[in-house]
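**Student:** Going by our numbering, 37 is the number at position 49 of the sequence shown; the sequence numbering is gapless.
Provided herewith is a single structure, encoded as structure tokens, for subsequent inquiry.
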Amino acid sequence: MHDFAFVFAGFAVGLVVGLTGVGGGSLMTPLLIFFFGVKPHLAIGTDLLFAAFTKLGGTVGLARARLVDWKIVGQTAAGSIPASLATLYVLHLVGPASPAAQAAMTTTLGVALLLTASATFYKAVYGKAAPRQIAPDALAAATQPRHWALPVLFGAVIGVLVTLTSVGAGAIGVIVLMLLYPALPLPRIVAADIAHAVPLTLVAGFGHASIGSVDWLLLAKLLAGSLPGIWLGSRLVNSTPDRWIRSLLSVLLAYAGAKLIAI
């Protein structure tokens, strides 16, 4: 019965991700910690690989549609991958199950969830105003950041957040990219964010696996539910009140974040 609950949780999170595009880590990690009682380091490590495998299929589809701007992905990865490796090294030295590491993870996770809640609400309110199309001759200028170092710096912050909490590469990433590339259409922003999340979560996830922070059997159960959930959600996306769902999610994420910080 418990196994079916994990599969159902994976399906529910996958469905919401497919409907709204909100990062699965924002939902799955607090669900594993609060509802199933999974230790924070195991919940975070397992969810990182869960996110990597679920977003890999989406990246392939977006790349085939020529929506991924690989220059943006490369610039953000230049900051996020080294930052993730450095964070993993510190976790290895401290020990992922140590009280200090657990306290750092839960507090940082709470802050990340509050940021994600704010970003999700912002996107629900202002996302419709973002450009949806762009002329081919204006694309090169739209992919130029305000300063070359900003995507790298943003990537480094996301790399630390994602490695410590499995949260940050979803709604937070989209909002920051919207600010860095204001002329870029929202579908390309989302595509770049998803494509960047795949190598980052793979590096962070396998890094967590190397220090014993991944439950492989749990990962298989979650994926068994999430993949059909994402498939269904992506097909229902045009017939659901996206703004209301995002607003409700922002409230739930804010509650989870505040509770983690209080712990």
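Glycine included, C-beta positions come from ideal geometry on N, C-alpha and C.
The structure presented is a predicted model; accordingly, all values stated were derived computationally and were not measured.
Quick one, which of Gly143, Leu168, Gly45 has its alpha-carbon nearest histidine 135's?
**Tutor:** Here the question's residue 135 lines up with position 147 in the sequence shown. Measuring from the Cα of histidine 135, the nearest candidate turns out to be Leu168.
**Student:** Does DSSP put phenylalanine 24 in a helix, a strand or coil?
**Tutor:** What you label residue 24 is simply residue 36 of the sequence shown in a count that begins at 1. If DSSP states are grouped into helix, strand and coil, phenylalanine 24 belongs with coil.
**Student:** Between the Cα of threonine 260 and those of Leu20, Ala185, Ala246, Gly195, spot the shortest distance and give me the residue it belongs to.
**Tutor:** Nothing about residue 260 can be reported from this structure: the residues present for the chain run from -11 to 251 only.
**Student:** Could you tell me whether the stretch 181 to 199 touches the stretch 54 to 70, where touching means 3 or more Cβ pairs closer than 8 Å?
**Tutor:** Counting Cβ pairs under 8 Å, three or more are found: they touch.
**Student:** Looking only at its chain, what residues have a beta carbon closer than 8 Å to the beta carbon of alanine 89, apart from the 5 residues adjacent to it on each side?
**Tutor:** Position 101 of the sequence shown, counted from the start, is the residue given in the question as residue 89. Around alanine 89: His29, Leu79, Val82, Gly83.
**Student:** I'd like the span of the alpha helix (DSSP H) that includes alanine 192, first residue to last.
**Tutor:** Residue numbering aside, residue 192 sits at position 204 when the sequence shown is read from its first letter. First-last of the alpha helix (DSSP H) with alanine 192: 174 to 198.
**Student:** Just tell me which of Phe24, Arg52, Thr153, Leu172 has its CA closest to the CA of isoleucine 122.
**Tutor:** Position 134 of the sequence shown, counted from the start, is the residue given in the question as residue 122. It is Leu172 whose Cα lies nearest to the Cα of isoleucine 122.
**Student:** Are the beta-carbon atoms of leucine 154 and aspartate 35 separated by less than 7 Å?
**Tutor:** Locating residue 154 in the sequence shown gives position 166, counting from the first residue. Locating residue 35 in the sequence shown gives position 47, counting from the first residue. According to the sequence provided, residue 154 is serine. The question's leucine does not apply to it. In this structure, aspartate 35 lies closer than 7 Å to serine 154 by Cβ.
**Student:** Taking 7 Å as the cut-off, decide whether the C-beta atoms of tyrosine 110 and isoleucine 163 are in contact.
**Tutor:** The residue given as residue 110 occupies position 122 in the sequence shown. The residue given as residue 163 occupies position 175 in the sequence shown. Yes, they are a contact pair.
**Student:** Look up leucine 55 in the DSSP assignment and say whether it is helix, strand or coil.
**Tutor:** As a working note, residue 55 is residue 67 in the sequence shown. Correct three-state label for leucine 55: coil.
**Student:** Within 8 Å, do at least three Cβ pairs link the stretch 198 to 216 to the stretch 92 to 99?
**Tutor:** No contact exists between the stretch 92 to 99 and the stretch 198 to 216.
**Student:** Could you check whether glycine 67 and glycine 143 sit closer than 7 Å to each other, using their CB atoms as the reference points?
**Tutor:** To locate residue 143, count along the sequence shown from 1; it is residue 155. To locate residue 67, count along the sequence shown from 1; it is residue 79. Yes, they are a contact pair.
**Student:** Quick one: what does DSSP say tyrosine 169 is sitting in, helix, strand or coil?
**Tutor:** Working through the sequence shown from its first residue, we reach residue 169 at position 181. Here tyrosine 169 sits in coil by DSSP.
**Student:** Taking C-beta to C-beta, are valine 148 and alanine 192 nearer than 7 Å?
**Tutor:** The residue labelled residue 148 in the question sits at position 160 within the sequence shown. The residue labelled residue 192 in the question sits at position 204 within the sequence shown. Going by C-beta atoms, valine 148 is not nearer than 7 Å to alanine 192.
**Student:** In whole angstroms, what separates the C-alpha of isoleucine 177 from that of phenylalanine 41?
**Tutor:** Counting from one through the sequence shown, the residue named residue 177 turns up at place 189. Counting from one through the sequence shown, the residue named residue 41 turns up at place 53. Computed Cα separation, rounded: 20 Å.
**Student:** I'd like the ranges of any alpha helix (DSSP H) spanning at least 4 consecutive residues and lying wholly in the stretch 70 to 115.
**Tutor:** You should have 87 to 114.
**Student:** Quick one: is tyrosine 169 near chain C, going by C-beta distance under 7 Å?
**Tutor:** Note that chain C does not occur in the displayed structure, where there is just one protein chain.
**Student:** Measuring straight from C-alpha to C-alpha, what distance separates serine 86 and leucine 210?
**Tutor:** By 1-based counting over the sequence shown, the position of residue 86 is 98. By 1-based counting over the sequence shown, the position of residue 210 is 222. Spanning the two alpha carbons is a distance of roughly 26 Å.
**Student:** In whole angstroms, what is the alpha-carbon distance linking glycine 221 and valine 5?
**Tutor:** Stepping through the sequence shown from its first residue, residue 221 is reached at position 233. Stepping through the sequence shown from its first residue, residue 5 is reached at position 17. Their backbone Cα atoms lie some 7 Å apart in a straight line.
**Student:** What residues in its chain sit with their C-beta under 6 Å from that of threonine 47, if we drop five residues either side in the sequence?
**Tutor:** Residue 47 sits at position 59 when you count from the first residue of the sequence shown. Cβ neighbours of threonine 47 beyond the five flanking positions: Ile182, Ala183, Val186.
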